[in-house]
Amino acid sequence: MPPGPIRRRYLPFGRAPLSPGAVKPTDEERMLAVAGGDHEAFRELVLAHEHAAWSVAYRFLRDAAEAEDAAQEAFLRIFQAASRYRPTASFRTYLYRVVARICIDRAEKKHPVYTDTVPDVADPSPTPAEDLAAGERTDLVRRALDALPPKQRMAVILRYYEDLDYSGISRVLEVTVKAVEGLLGRARAALQVSLAPMRD
Amino acid sequence: MNCRSVQKRLSAFADGELPGFRRRAVASHLEECPACRTSLSSLHDVDRILQEDAAPPVPEGFCVRVLARAARTERAPQGSFGWLLDPMIDALGKMSIPMRLAACGTVLAASLVGVLMAERLLPTGRTHAIVVAAHQLDGLEWFGSAPPVSVAAAYLAAAPVPSRAEGGVR
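Next comes the structure, spelled out in structure tokens:
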């Protein structure tokens, strides 16, 4: 078998070198290297996960400039907190958690949601189904998602677009699995109504 | 299981997240209940519609900008103007390109107005000579040519005259 490409092995301070066979550092090892001041490890983390951070932020905020800022802020917070990082969950879950927190905070600051007044079902759009062009369909989906309360919206994004299971979503949103079931149930009930014009 | 409890669990059922015994109960209810089957089919429609919505690709240079911000935070502003400049740079970074251009234009225009106003206000020619003369005077010198019988002359007589070394009347 031909030798594979030589890959860097991060050796953060205080850690013993790993066996020569194991070559590719995990994200968690990269984080520990970042804590030791390794900028290259941070660059690799950003490159490996920029799409996940960006797509969650973009789908949630629906504004490219704001989404980029939120995703950047998430990586920056991770960079600054690297010395306190403990690999208790996967790095991806940790990243989602930071992005979700930033996005939900921004949404709540922009449009405060008072739980007593949140409607269970979003207002249905009056757009007729017959002549929905592709752009209008996208717009309708966006409006339907935007009408959801922030936590429900984030749960839908994590479930549909990031393919997280309920347990993963519960770790990201720091709620119970039962609460995730409730969030997704209410969100889907609202979406069934608001997306009704698009259903054949 | 009745329709109400099935409807409550339909979302988790569609996601395959119900534990075995609940899933079987919901499935057997669905076999008998056309209304709940319609609800499930409508949930699948929502799934399909949502999955059609694609996100745009990551903006070009995203990683570089993240690394630049990280490097800026590392160069902690100790005794520099970083505490003032960093928030301004960050605010600029959050703006769209037209807004950035507008902000830069405003700063340039303000600087230009400042320069023009300074030119007009700076003492030049005769004004400059008067200002320099005024700076050279020392308080009492204004009364130097007071008539002998006047309040100013009485004041000058009463006041101690500072010596030349003290920068007094020349």
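Just so you know, the protein sequences line up as chains F and R, in that order. Going by the numbering used here, the first residue of the first sequence is number -6, and it counts up by one from there. Going by the numbering used here, the first residue of the second sequence is number 21, and it counts up by one from there. We treat Cβ as the ideally placed atom computed from N, Cα and C, and that holds for glycine.
Contacts around residue i, its chain only, beta-carbon distance under 8 Å, and the 5 residues preceding and following it disregarded
| i | result |
| --- | --- |
| glutamine 27/R | Cys56, Ser59 |
| arginine 85/F | Asp20, His42, Ala45 |
Whole-Å CB distance - residue i paired with residue j, under 8 Å assumed
| i | j | result |
| --- | --- | --- |
| valine 134/F | leucine 87/R | With 8 Å as the limit, valine 134/F and leucine 87/R do not qualify as a contact, their Cβ atoms being about 33 Å apart. |
| arginine 52/F | tyrosine 154/F | 6 Å |
| leucine 69/F | alanine 122/R | Between alanine 122/R and leucine 69/F the Cβ distance is about 26 Å, and since that is not below 8 Å, they are no contact. |
| leucine 54/F | arginine 99/F | 7 Å |
| alanine 34/F | alanine 50/F | That pair is no contact at about 23 Å. |
| leucine 132/R | arginine 120/R | So it is not a contact: roughly 19 Å between Cβ atoms. |
Cβ-based neighbour list, residue i, same chain, cut-off 7 Å, excluding 5 preceding and 5 following
| i | result |
| --- | --- |
| leucine 176/F | Lys144, Gln145, Ala148 |
| alanine 28/F | Pro5, Ala75, Ser76, Tyr78 |
| valine 170/F | Tyr159, Ser160, Ser163 |
| alanine 67/F | Ala46, Leu88, Val91, Val92, Ile95 |
| valine 46/R | Met21, Val26, Arg29, Phe33, Leu38 |
| arginine 23/F | Tyr3, Ala34, Glu37, Leu38 |
Contacts that residue i makes with chain R (C-beta to C-beta distance below 9 Å)
| i | result |
| --- | --- |
| serine 76/F | Per Cβ cutoff of 9 Å: no residues; serine 76/F is ~13 Å from chain R at best. |
| arginine 85/F | Result: empty, since nearest Cβ-Cβ is about 16 Å, beyond 9 Å. |
| aspartate 158/F | Asp35, Gly36, Glu37 |
Option in the options with minimal Cα separation from residue i
| i | options | result |
| --- | --- | --- |
| leucine 151/F | Glu33/F, Met24/F, Ala34/F, Ser48/F | Ser48/F |
| glutamate 43/F | Ile71/F, Lys17/F, Pro18/F | Ile71/F |
| alanine 140/F | Ala180/F, Val168/F, Ala34/F | Ala180/F |
| alanine 58/F | His64/R, Ser116/R, Leu136/R, Gly134/R | Ser116/R |
| serine 61/R | Ala34/R, Phe41/R, Ser170/R | Ala34/R |
| glycine 81/R | Asp62/F, Leu138/F, Gln73/F | Asp62/F |
| histidine 64/R | Val84/R, Val127/R, Gly36/R | Gly36/R |
| proline 142/F | Lys102/F, Asp132/F, Glu129/F, Ala189/F | Lys102/F |
| aspartate 156/F | Asp67/R, Ala138/R, Pro168/R, Leu112/R | Asp67/R |
| cysteine 23/R | Glu51/R, Val135/R, Gly125/R | Glu51/R |
Neighbourhood of residue i by C-beta, 6 Å cutoff - its chain only, sequence neighbours within 5 removed
| i | result |
| --- | --- |
| alanine 32/R | Leu38 |
| valine 84/R | none |
| leucine 188/F | Ala137 |
Chain-ordered neighbours of residue i on chain R, where CB pairs are closer than 7 Å
| i | result |
| --- | --- |
| valine 91/F | Going along chain R, no residue has its Cβ under 7 Å from valine 91/F, so there is no contact; the nearest lies around 13 Å. |
| glutamine 73/F | Thr93 |
Chain F residues whose Cβ lies nearer than 9 Å to that of residue i
| i | result |
| --- | --- |
| glutamate 80/R | Residues of chain F passing the Cβ test: none, with the nearest at roughly 11 Å. |
Within chain F, the residues that residue i reaches when beta carbons sit closer than 8 Å
| i | result |
| --- | --- |
| alanine 122/R | In chain order: nothing, as chain F lies at least about 14 Å away. |
Subject >> Chain-ordered residues of the stretch 178 to 193 of chain F with a beta carbon less than 9 Å from chain B >> reply: Of the chains in the structure shown, none is chain B; the protein chains are F and R.
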